[in-house]
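>
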Amino acid sequence: MSTTNGSLQQAIDARRTFAIISHPDAGKTTLTEKLLLYGGAVQEAGQVRARKNRRAATSDWMAMEQERGISVTSTVLQFPYKAHVINLLDTPGHQDFSEDTYRTLTAADSAVMVIDAAKGIEAQTRKLFEVTSERGIPILTFVNKMDRPAQPPLALLDEIEEVLGLTPVPMNWPIGDGEAFRGVYDRETRQLHLFERTAHGAKQAEVEVVSLDDPRLAQEIGEQPLAKLREEIELVDHVLPRFEEEAFRAAQITPVYFGSALTNFGVQLFFDSFVALAPAPGPRRTADGGALIPPTDEDFSGFIFKIQSNMNPRHRDSIAFLRICSGRFTRSMVVQQPREGRELRLSNSHSFFAQARETVDEAYPGDVIGLISTGHFAIGDTLCTGSPIEFEPMPRFQPEYFARLSNIDTRRYKQFWKGLSQLQKEGAIQLLFEPQMMGREPILAAVGELQFDVVSHRMENEYNTETRMERLPYSVARWVDGPAEAVDALPWNRNALRLENGEGKTVALFRNEWMLNSFVEAHGGDTVRFRSIRDLELIPVA
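My numbering applies: residue 952 is where the sequence shown begins, and numbers increase by one.
1) Assess, as a yes-or-no matter, whether the region 1378-1395 is touched by the region 1449-1458 under the definition of 3 or more beta carbon pairs within less than 8 Å.
2) Identify the residues that DSSP records as bridge partners of R1445: which are they?
3) Which same chain residues end up closer than 7 Å to R1482 when comparing Cβ atoms and leaving out the 5 residues on each side of it in sequence?
4) Sorted by chain position, which residues of the same chain lie with C-beta nearer than 7 Å to E1147's C-beta, five sequence neighbours on each side aside?
5) Can you list the beta strand (DSSP E) stretches of 3 or more residues lying completely in the region 1287-1351, in chain order?
6) Runs of 3 residues minimum, wholly inside the region 1091-1161: which ones carry the beta strand (DSSP E) assignment?
7) Report the rounded CA-to-CA distance for E1413 versus N1358, giving the unit in angstroms.
8) Assess, as a yes-or-no matter, whether the region 1331-1338 is touched by the region 978-993 under the definition of 3 or more beta carbon pairs within less than 8 Å.
9) Per DSSP, what kind of secondary structure is T1478 in: helix, strand or coil?
10) Is A1212 buried or exposed, if buried means 16 or more other CB atoms sit within 10 Å of its CB?
11) Report the rounded CA-to-CA distance for A1068 versus R1054, giving the unit in angstroms.
12) Work out the CA separation of R1419 and Q1366 for me, nearest whole Å.
13) If distances are taken between C-alpha atoms only, which option among P1234, T1205 and T1237 comes closest to S1224?
14) Classify Y1425: buried if its beta carbon has 16 or more other beta carbons within 10 angstroms, exposed otherwise.
15) Put F1225 into one of helix, strand or coil per three-state DSSP.
16) Among S973, R1133 and A1034, which has the Cα closest to the Cα of L1056?
17) Output the boundary residues of the beta strand (DSSP E) element that contains Q1259.
18) Opposite Y1208 in the DSSP bridges: which residues?
19) Looking only at its own chain, which residues have a Cβ that is under 7 Å from the Cβ of I1088, when we skip the five neighbours before and after it?
20) Need the endpoints of the beta strand (DSSP E) that A1397 sits in, please.
21) What whole-angstrom Cβ distance do F1209 and P1104 have, given they're in contact under 8 Å?
22) Would you grab the beta carbon distance between P1232 and R966 for me? Rounded to a whole angstrom, and I think it's under 8 Å.
23) Determine the extent of the beta strand (DSSP E) in which V993 is found, giving its start and end residues.
24) Between the alpha carbons of T968 and Q961, how many angstroms are there, rounded?
25) Measure from the alpha carbon of P1234 to the alpha carbon of each residue in R1422, F1251 and G1129, then state which is nearest.
26) D1164 to E1073, Cα distance in whole Å?
27) Relative to the C-alpha of V1036, which candidate in T1457, I971 and A992 has its C-alpha closest?
28) Tell me, which residues are paired with L1356 by DSSP?
29) Label S1010 either buried or exposed according to how many other C-beta atoms from any shown protein chain fall within 10 Å of its C-beta, with 16 as the threshold for buried.
30) Nearest-angstrom Cα distance between R1296 and S1260?
31) Provide the residue(s) that pair with D1041 in DSSP beta bridges, ordered along the chain.
32) Expressed to the nearest angstrom, what Euclidean distance is found between the alpha-carbon atoms of H1327 and V1471?
33) Compute the Euclidean distance between the alpha carbons of F1304 and V1027, then round it to the nearest angstrom.
34) Report buried or exposed for V1065, applying the criterion of at least 16 other Cβ atoms within 10 angstroms of its Cβ.
35) Taking a contact to mean a Cβ-Cβ separation below 7 Å, would you say I1394 touches R1355 in this structure?
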């Protein structure tokens, strides 16, 4: 998507690049679909269902996602909305998360947090919020599923403040809940938006906008619900804070919107408010002393936050996802890759709508483009023109799950290792080996347990290999630093399993923190040190 006859500043001001975060089943993917519907990117919103007679969601492109009705990998969706260009980073919504989720959040300028109105703040929402808040990016909150029995709105606001430490500022107020949910009251315009349900929420909801003093209201929603609504609005206006842009940009407050993604109630109101409030792309900090690179800088810069292979069966290639931070991208431009000290010509560039791709000739800060990877890119790479710079490194997370993977059909040896190599380059898993067994049965390390299912599925469907996965009883990993003879002399056993990565660095697996602490207390010291996996670079070149 490009602009013509416009300045770089105008292009930047039009961009909104954000991620959606939530606990499983809070309605994240449904909300994503409805934003696409209201943005005109799809004519009919697809429902996420496991049954085969339902369409899969637009944002779920992997075969495993469409079969299970869940999102297991981050997706980039770009589409116009009114005068803006929306870059939506759709993150996985299953019971555990991979590093892919966290790295995707580094490419976002803001986040939308989706909360189930009946369940409130849940574990994975809290986990993702912590990662998001570490970056200090603004968060907007959509309280979803108001068309079902819900907690009292004030209780939900209290929970947001107590659990997350954010001051919630309701931008609208729900009119009932469950079957009695009729719409929302907009605090800014002081008008009620009453909605009509559509079949399965596939089309935009019909809305009637009326004043709080409209005499027809009592008939529309009932006298008792109207009296309760007026009482709640008076309380909210007198007790709860008003929106302050400075506090929002500083991630101190979160504007809260009530609605139902399933029925489309409140979705357009939320989206209109989102594009008005969410920040355009801002400056990015570099790793060398923390200099800030403004998006208006004439020199082009960006960083690679994701690598994905086989997105489209017709294109058996590997794509590096580049978030543009400054300047203007043009196809076939020559850039520097400071990590390797080389120059690269970016000829094969694409924009995305889930798995669909088209050639992109120019792009601007905030945009995410895909580059065909020819083996030169690594996650975290900075690409730039002008003076070489490198942005802050990608976050690292400690793997907590381990499994041994066996190749059942020895005739598929090459395909087996090709698949594993590619999955490691994507950062989906890390490969470890028992000493003297390099190249035989690898041990996979992952941040989220579902990644093992993803590996098995993709090895079978994308690389035509049959594998056997054996889960291992370990939950803690540490690098082991020290002289080779000292490391060799340690009493390695099944409670302290010695492994190596592809470069021969020693990694120790322990069944739990207690066993780790006991082993380190007995055998650690100045000669041999045990270091957290996240302290060191593990992601290899793609």
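Using N, Cα and C, we set each Cβ at its ideal position, and we do this for glycine too.
Based on what the coordinates show:
1) Yes, the region 1449-1458 touches the region 1378-1395.
2) For the purposes of this step, residue 1445 is taken as residue 494 along the sequence shown, with counting starting at 1. DSSP, once it has assigned bridges, lists no residue as partnering R1445.
3) Translated into the one-based positions of the sequence shown, residue 1482 becomes position 531. Result list for R1482: R1429, W1430 and D1432, in chain order.
4) In the sequence shown, the residue the question calls residue 1147 occupies position 196. Hits under 7 Å: A1156 and E1157.
5) With a minimum length of 3 residues, the continuous beta strand (DSSP E) runs that stay inside the region 1287-1351 are 1293-1297, 1300-1304, 1307-1310, 1319-1323 and 1333-1335.
6) With a minimum length of 3 residues, the continuous beta strand (DSSP E) runs that stay inside the region 1091-1161 are 1118-1121, 1123-1126, 1134-1137 and 1142-1147.
7) Within the sequence shown, the letter at position 462 stands for residue 1413. Within the sequence shown, the letter at position 407 stands for residue 1358. Spanning the two alpha carbons is a distance of roughly 15 Å.
8) Taking one beta carbon from each stretch, the region 978-993 and the region 1331-1338 have fewer than 3 pairs nearer than 8 Å; the two do not touch.
9) Here residue 1478 refers to the residue found at position 527 of the sequence shown. In the displayed model, T1478 falls within coil according to three-state DSSP, outside both helix and strand.
10) Taking the first residue of the sequence shown as position 1, residue 1212 is located at position 261. Answer is buried; the Cβ neighbour count reaches 16.
11) By 1-based counting over the sequence shown, the position of residue 1068 is 117. By 1-based counting over the sequence shown, the position of residue 1054 is 103. Cα to Cα, A1068 sits roughly 28 Å from R1054.
12) Position 415 of the sequence shown, counted from the first residue, corresponds to residue 1366. Position 468 of the sequence shown, counted from the first residue, corresponds to residue 1419. Between Q1366 and R1419, the C-alpha separation is close to 15 Å.
13) Numbered from 1 along the sequence shown, position 273 holds the residue referred to as residue 1224. Just measuring C-alpha positions, the residue of P1234, T1205 and T1237 sitting nearest S1224 is T1205.
14) Here the question's residue 1425 lines up with position 474 in the sequence shown. Residue burial is scored here from C-beta neighbours: Y1425 has at least 16 other C-beta atoms within 10 angstroms and is therefore classed as buried.
15) Here the question's residue 1225 lines up with position 274 in the sequence shown. In the structure shown, F1225 sits in a helix (DSSP, three-state: H, G or I).
16) Residue 1056 sits at position 105 when you count from the first residue of the sequence shown. Per the Cα distances, S973.
17) Translated into positions along the sequence shown, residue 1259 becomes position 308. Boundaries of the beta strand (DSSP E) around Q1259: S1252 to S1260.
18) Your numbering for residue 1208 matches position 257 in the sequence shown. BP columns for Y1208 point to F1093.
19) Counting from 1 along the sequence shown, the entry for residue 1088 is found at position 137. Answer for I1088: A1059, D1060, S1061, A1062 and A1202, listed in chain order.
20) Numbered from its first residue, the sequence shown carries residue 1397 at position 446. Here the beta strand (DSSP E) through A1397 covers I1394 to A1397.
21) Stepping through the sequence shown from its first residue, residue 1209 is reached at position 258. Stepping through the sequence shown from its first residue, residue 1104 is reached at position 153. Distance from F1209 to P1104 at the Cβ level is roughly 7 Å; contact confirmed, criterion being Cβ atoms closer than 8 Å.
22) In the sequence shown, the residue the question calls residue 1232 occupies position 281. In the sequence shown, the residue the question calls residue 966 occupies position 15. Contact flag correct, Cβ pair sits at about 5 Å.
23) Residue 993 sits at position 42 when you count from the first residue of the sequence shown. Element bounds for V993: n/a, residue is neither H nor E.
24) Position 17 of the sequence shown, counted from the first residue, corresponds to residue 968. Position 10 of the sequence shown, counted from the first residue, corresponds to residue 961. Spanning the two alpha carbons is a distance of roughly 15 Å.
25) Along the sequence shown, read from residue 1 onward, the residue named residue 1234 stands at position 283. Here the closest residue by C-alpha is F1251.
26) Within the sequence shown, numbered from 1, the residue matching residue 1164 stands at position 213. Within the sequence shown, numbered from 1, the residue matching residue 1073 stands at position 122. Distance between the alpha carbons of D1164 and E1073 is about 38 Å.
27) Walking along the sequence shown from the start, residue 1036 turns up at place 85. Taking the Cα of V1036 as reference, the smallest distance to any Cα among T1457, I971 and A992 is reached at A992.
28) Counting from one through the sequence shown, the residue named residue 1356 turns up at place 405. The partner list for L1356 (beta bridge, DSSP) reads M1420.
29) Against the sequence shown, residue 1010 aligns to sequence position 59. Only weak support exists for where S1010 lies, its pLDDT of 46 falling under 50; the value from the coordinates is given anyway. The residue in question, S1010, is buried, as its Cβ has 16 or more Cβ neighbours within 10 Å.
30) Walking along the sequence shown from the start, residue 1296 turns up at place 345. Walking along the sequence shown from the start, residue 1260 turns up at place 309. Rounded to the nearest angstrom, the two C-alpha atoms are 21 Å apart.
31) Looking up residue 1041 in the sequence shown gives position 90. According to DSSP, D1041 bridges with I971 and T1026.
32) As a working note, residue 1327 is residue 376 in the sequence shown. As a working note, residue 1471 is residue 520 in the sequence shown. Those two C-alpha atoms are separated by around 38 Å.
33) Taking the first residue of the sequence shown as 1, we reach residue 1304 at position 353. Taking the first residue of the sequence shown as 1, we reach residue 1027 at position 76. F1304 and V1027: Cα-Cα distance of roughly 6 Å.
34) Here residue 1065 is taken as the residue at index 114 of the sequence shown, counted from 1. Classification for V1065: buried.
35) For the purposes of this step, residue 1394 is taken as the residue at position 443 of the sequence shown. For the purposes of this step, residue 1355 is taken as the residue at position 404 of the sequence shown. Their beta carbons are under 7 Å apart, which means I1394 touches R1355 by this criterion.
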